[in-house]
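In my numbering, each residue carries its 1-based index in the sequence shown increased by 1433. Encoded as structure tokens, the structure appears first; notes follow it.
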Amino acid sequence: MMSCGGPEGPYPSREIKLVVQASPGGISDTVSRVMASLAEGGLGVPIVCENKPGASGALAFSFVVRRPADGYTIGHAPVEIAMVRTLGYADVGPKQMSLMCLVSKTPPALVVRSDSLWQTFEDYIQAAKQRPGELIMANSGVGSIWHFNTLLLEHETGIRVTHIPYAGSSGAIVSLLGGHVDAVIAGVGEVVSQVDAGKLRPLAVFDVTRTSVFPETPTTHELGYAIGAPAWSGFFGPPGMPDEIVDKLAGAFRGAFETEQWKTLCRERGMTPAFLDRSQFEQFAVEQGEYFSTRIPELLRMER
């Protein structure tokens, strides 16, 4: 009987490419590279990451779903897989993917430079109300989850800011450090090193409960604002991948998820380790797609 790997032999028999939809340095890149490194042992072949940023992830997603469903090209599956169709960037979503598993969730934080006059979240909100449209907020790209959270911030607080998109959070944070923008919304793990170095100050974490990374920083919900849509990370392949291959890859990522290295990374970066298997991830991603299909048009109408 022929194996699922065909004439090459049992899967996997060669290097696997993992396509990351964001630029190096952010949550997606970190999660992908660490999980790839930890999963390699369970597969016996290298997993090599390749960054393809652009169009809120649509370029990478479209690339992966058009590859052969042989398990040798897979992709990082962030929250944006549930957003890009509604944004009009690509006719692709969870139902056009072979979803494998989800491994983490990450809340966003609003940060400013440590020399900023704004000491609290309310300081920033009041300044933004006094100067509508003047404060500049950087994000990881138009249509990204951090851009979406900025729109939520505007909607729930009644402020208006000027949005400056980058091809990932790393560029937005560099711009903030250089004094080119006033604030950034990014994942807590993307800003923790600069906060620890005393260069940035977190004003609020967009979540219900506080993060262990910034235990002294209040959440938006504590402050009376129901703001917060987390990023999340999982993995997917082209549609129609054989069950044996999906299960093999999901099993390797599950093994990586259970390591102390992964747990340590999550603690250090403020991520919540959260494993959803294939069927659970499919249900979750489809539900997220339905949520964004309603909320994104509402928020974009407000911006016009």
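Even glycine gets a Cβ: it sits at the ideal position worked out from N, Cα and C. All figures in this text were calculated on a predicted structure; none of them were measured in a lab.
Helix, strand or coil at residue i [DSSP, three-state]
i, result
"Phe1668", "strand"
"Phe1717", "helix"
"Lys1632", "coil"
"Arg1546", "strand"
"Thr1650", "coil"
"Thr1644", "coil"
"Leu1698", "helix"
"Ala1455", "coil"
"Arg1447", "coil"
"Pro1730", "helix"
"Met1434", "Residue placement at Met1434 is poorly supported in this model, since its pLDDT is 38, which falls under 50; the coordinates still yield a value, given next. Residue state, collapsed to three classes: coil."
"Leu1610", "helix"
"Met1735", "helix"
"Val1575", "coil"
Sequence-distant residues of its chain with Cβ nearer than 7 Å to residue i (five each side left out)
i, result
"Gln1721", "Val1512 and Ala1515"
"Trp1768", "Nothing can be reported for residue 1768: it is not among the residues displayed for the chain, which extend from 1434 to 1737."
"Cys1437", "Unreliable placement is indicated for Cys1437, whose pLDDT of 49 sits below 50; no coordinate value is reported for it."
"Phe1598", "Reading the sequence as shown, one finds Pro at residue 1598 and not Phe. Answer for Pro1598: Asn1572, Gly1574, Val1575 and His1580, listed in chain order."
"Leu1696", "For the sequence presented, residue 1696 should be read as Lys rather than Leu. These residues qualify, in order along the chain: Pro1706."
Opening and closing residue of the beta strand (DSSP E) in which residue i lies
i, result
"Ile1597", "Thr1595 to Pro1598"
"Ile1507", "Thr1506 to Pro1511"
"Glu1483", "Ile1480 to Asn1484"
"Phe1639", "Careful: Phe1639 lies outside any beta strand (DSSP E) and carries neither H nor E."
"Gly1620", "Ala1616 to Gly1620"
"Thr1590", "No beta strand (DSSP E) contains Thr1590, which is instead part of the alpha helix (DSSP H) from Ile1578 to Thr1590."
"Ala1707", "Thr1705 to Leu1709"
Own chain partners of residue i with C-beta closer than 8 Å, once the 5 adjacent residues on each side are dropped
i, result
"Thr1553", "Leu1636"
"Met1434", "Because Met1434 sits at a pLDDT of 38, beneath the cut-off of 50, its placement in the model cannot be relied upon, and the point is left open."
"Thr1595", "Gly1566, Glu1567, Leu1568, Ile1569 and Met1570"
"Gly1631", "Ser1547"
"Glu1483", "Lys1450, Leu1451, Val1452 and Val1453"
"Gly1735", "Residue 1735 is actually Met in this sequence, not Gly. Contacts found: Leu1584, Glu1587 and His1588."
Beta-carbon proximity list for residue i, same chain, < 6 Å, skipping 5 on both sides
i, result
"Lys1538", "Pro1663, Trp1665, Thr1705 and Ala1707"
"Gly1688", "Gly1475"
"Ser1760", "The requested residue 1760 does not occur in the structure, where the chain is confined to residues 1434 to 1737."
"Pro1730", "none"
"Ala1491", "Val1517, Tyr1522 and Ala1523"
N- and C-terminal bounds of the alpha helix (DSSP H) containing residue i
i, result
"Val1740", "Outside the shown range of the chain (1434 to 1737) lies residue 1740, about which nothing can therefore be said."
"Met1468", "Ile1460 to Leu1476"
"Ile1678", "Asp1676 to Phe1690"
"Lys1528", "Careful: Lys1528 lies outside any alpha helix (DSSP H) and carries neither H nor E."
"Ile1569", "Element bounds for Ile1569: not the alpha helix (DSSP H) but the beta strand (DSSP E), Ile1569 to Asn1572."
"Thr1519", "Val1517 to Leu1520"
"Ala1502", "Ala1502 -> no alpha helix (DSSP H), and no H or E assigned at all."
"Asp1524", "Looking at the DSSP string, Asp1524 is not in any alpha helix (DSSP H), and its letter there is neither H nor E."
Local Cβ density within 10 Å of residue i, reported as buried at 16 or more and exposed below that
i, result
"Asp1640", "buried"
"Lys1485", "buried"
"Asp1615", "buried"
"Thr1463", "buried"
"Gly1604", "buried"
"Gly1433", "Missing from the structure shown is residue 1433; the chain here goes from 1434 to 1737 and no further."
"Lys1681", "buried"
"Ser1479", "A quick correction: the sequence has Pro, not Ser, at residue 1479. Exposed, because fewer than 16 other Cβ atoms sit within 10 Å of the Cβ of Pro1479."
"Ile1646", "Reading off the sequence, residue 1646 comes out as Val, not Ile. Buried, because 16 or more other Cβ atoms sit within 10 Å of the Cβ of Val1646."
"Gln1627", "buried"
"Pro1648", "exposed"
"Ser1723", "For the record, residue 1723 in the displayed sequence is Glu; it is not Ser. When all chains shown are included, Glu1723 counts as exposed."
"Glu1623", "buried"
Worksheet item: Would you call the segment 1591-1598 and the segment 1503-1516 in contact, with 3 or more CB pairs under 8 Å?
Response: no
Discussion item. I'd like to know if the segment 1637-1657 and the segment 1473-1487 are in contact, where contact means that at least 3 CB-CB pairs between them fall below 8 Å.
Written reply: no
Worksheet item: Is there contact between the segment 1521-1533 and the segment 1650-1662, where contact requires at least three CB pairs shorter than 8 Å?
Response: no
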